[in-house]
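Q:
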Amino acid sequence: MKMNSSIITRYFRWFVPSTTFLQSLLLLVIRLYWGWEFFLTGKGKLMDLERPAAFFQSLGIPFPYAQAILAGATECFGGLLLLAGFCSRLISLPLTILLTVAYLTADLDKVKMIVSDPDKFLGADEFLFLFVVVIVFVFGPGKFSVDWLIKRRVAPPSSESV
Numbered sequence: 006m007k008m009n010s011s012i013i014t015r016y017f018r019w020f021v022p023s024t025t026f027l028q029s030l031l032l033l034v035i036r037l038y039w040g041w042e043f044f045l046t047g048k049g050k051l052m053d054l055e056r057p058a059a060f061f062q063s064l065g066i067p068f069p070y071a072q073a074i075l076a077g078a079t080e081c082f083g084g085l086l087l088l089a090g091f092c093s094r095l096i097s098l099p100l101t102i103l104l105t106v107a108y109l110t111a112d113l114d115k116v117k118m119i120v121s122d123p124d125k126f127l128g129a130d131e132f133l134f135l136f137v138v139v140i141v142f143v144f145g146p147g148k149f150s151v152d153w154l155i156k157r158r159v160a161p162p163s164s165e166s167v
């Protein structure tokens with residue numbers, strides 16, 4: 006029995022740190038790719054406010070021009086924050102709200118099919134963006150982020166992730 010516990014201990018000493026590194030690496034890749042996508046989407050809205058404002062108006066969203074500015078700025082600056090891993094969990098909240106509203110207004114028919122035809126729900130443009138934001142909110146930005154650097158300076162290192 007002593008031999009088995011020694012093997013298990015060595016296994017965990019090797020395996021757990023490497024998977025923690027991979028977790029942070031995956032979170033970095035997710036943040037870089039999707040942060041850039043958020044930035045580009047928001048920038049596109051801000052550069053041509055008439056188009057998203059007209060779309061919002063067609064959906065019956067009140068104050069469509071102001072909402073286009075708000076949505077574009079949230080996506081653009083939220084994307085930059087995700088790229089840097091700065092205030093990642095904090096920016097995930099307004100992005101989640103934005104994407105939920107987008108789902109419920111622009112793709113309500115797909116939301117209603119979540120049980121009957123989940124492929125339509127999962128195929129909506131908003132789904133992947135929302136999924137990424139939830140991942141970053143739940144797991145944090147990982148060790149390759151400004152948030153992690155700030156945490157290291159403010160609090161002593163711990164085994165918990167950012």
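Just so we're aligned: the sequence shown equals residues 6 to 167 in the numbering used here.
Here a beta-carbon is modelled for each residue, glycine too, at the ideal position from N, C-alpha and C.
Predicted model only: the values in this text are computed from it and were never measured.
Sorted by chain position, which residues of the same chain lie with C-beta nearer than 7 Å to D112's C-beta, five sequence neighbours on each side aside?
A: Taking the first residue of the sequence shown as 1, we reach residue 112 at position 107. So the list reads A129, E131, once near-sequence residues are dropped.
Q: How about A78 and L54: do their beta carbons lie closer than 8 Å?
A: Mapped onto the sequence shown, residue 78 falls at position 73. Mapped onto the sequence shown, residue 54 falls at position 49. Not in contact: A78 and L54 (Cβ atoms no closer than 8 Å).
Q: Note down, in chain order, each residue of its chain lying with its Cβ closer than 8 Å to the Cβ of F126, except the 5 sequence neighbours on either side.
A: Taking the first residue of the sequence shown as position 1, residue 126 is located at position 121. Within the same chain, F126 has close Cβ partners K115, V116, M118, I119, F132.
Q: Determine the contact status of F144 and L32, defining contact as a CB-CB distance below 8 Å.
A: Stepping through the sequence shown from its first residue, residue 144 is reached at position 139. Stepping through the sequence shown from its first residue, residue 32 is reached at position 27. Cβ distance < 8 Å, so F144 and L32 count as in contact.
Q: From F17 to W41, what does the alpha carbon distance come to, in whole angstroms?
A: Looking up residue 17 in the sequence shown gives position 12. Looking up residue 41 in the sequence shown gives position 36. Each residue's alpha carbon lies about 36 Å from the other.
Q: Measure the Cβ-Cβ separation of P69 and A58 and say whether it is below 8 Å.
A: By one-based count along the sequence shown, residue 69 stands at place 64. By one-based count along the sequence shown, residue 58 stands at place 53. Closer than 8 Å, so yes.
Q: Please classify R36 as buried or exposed, where buried requires at least 16 other C-beta atoms within 10 Å of its C-beta.
A: Position 31 of the sequence shown holds residue 36. With 16 or more Cβ atoms within 10 Å of its Cβ, R36 is classed as buried.
Q: Just tell me which of F20, R15, K48, Y38 has its CA closest to the CA of C87.
A: Here the question's residue 87 lines up with position 82 in the sequence shown. At residue 87 the sequence reads Leu, which differs from the Cys that was named. Nearest C-alpha to L87: Y38.
Q: Less than 6 Å between C-beta atoms, sequence neighbours within five positions excluded: which residues of the same chain meet that for K148?
A: Taking the first residue of the sequence shown as position 1, residue 148 is located at position 143. The answer, listed in chain order, is S29.
Q: Tell me whether L104 is buried or exposed, calling it buried when 16 or more other Cβ atoms sit within 10 Å of its Cβ.
A: Residue mapping note: residue 104 aligns to position 99 of the sequence shown, counting from 1. It is buried - the Cβ of L104 has at least 16 other Cβ atoms within 10 Å.
Q: If you compare alpha carbons, which of F61, M52, V34 is closest to S150?
A: In the sequence shown, counting from the first residue as 1, residue 150 sits at position 145. That would be V34, whose Cα lies nearest to the Cα of S150.
Q: Does F142 come out as helix, strand or coil in the three-state DSSP assignment?
A: Stepping through the sequence shown from its first residue, residue 142 is reached at position 137. It is helical.
Q: Among residues of its own chain, excluding the 5 on either side of F142, which ones have a beta-carbon nearer than 6 Å to its beta-carbon?
A: Here residue 142 refers to the residue found at position 137 when the sequence shown is read from its first residue. Once the five neighbours on either side are set aside, the close Cβ partners of F142 are R94, S97.
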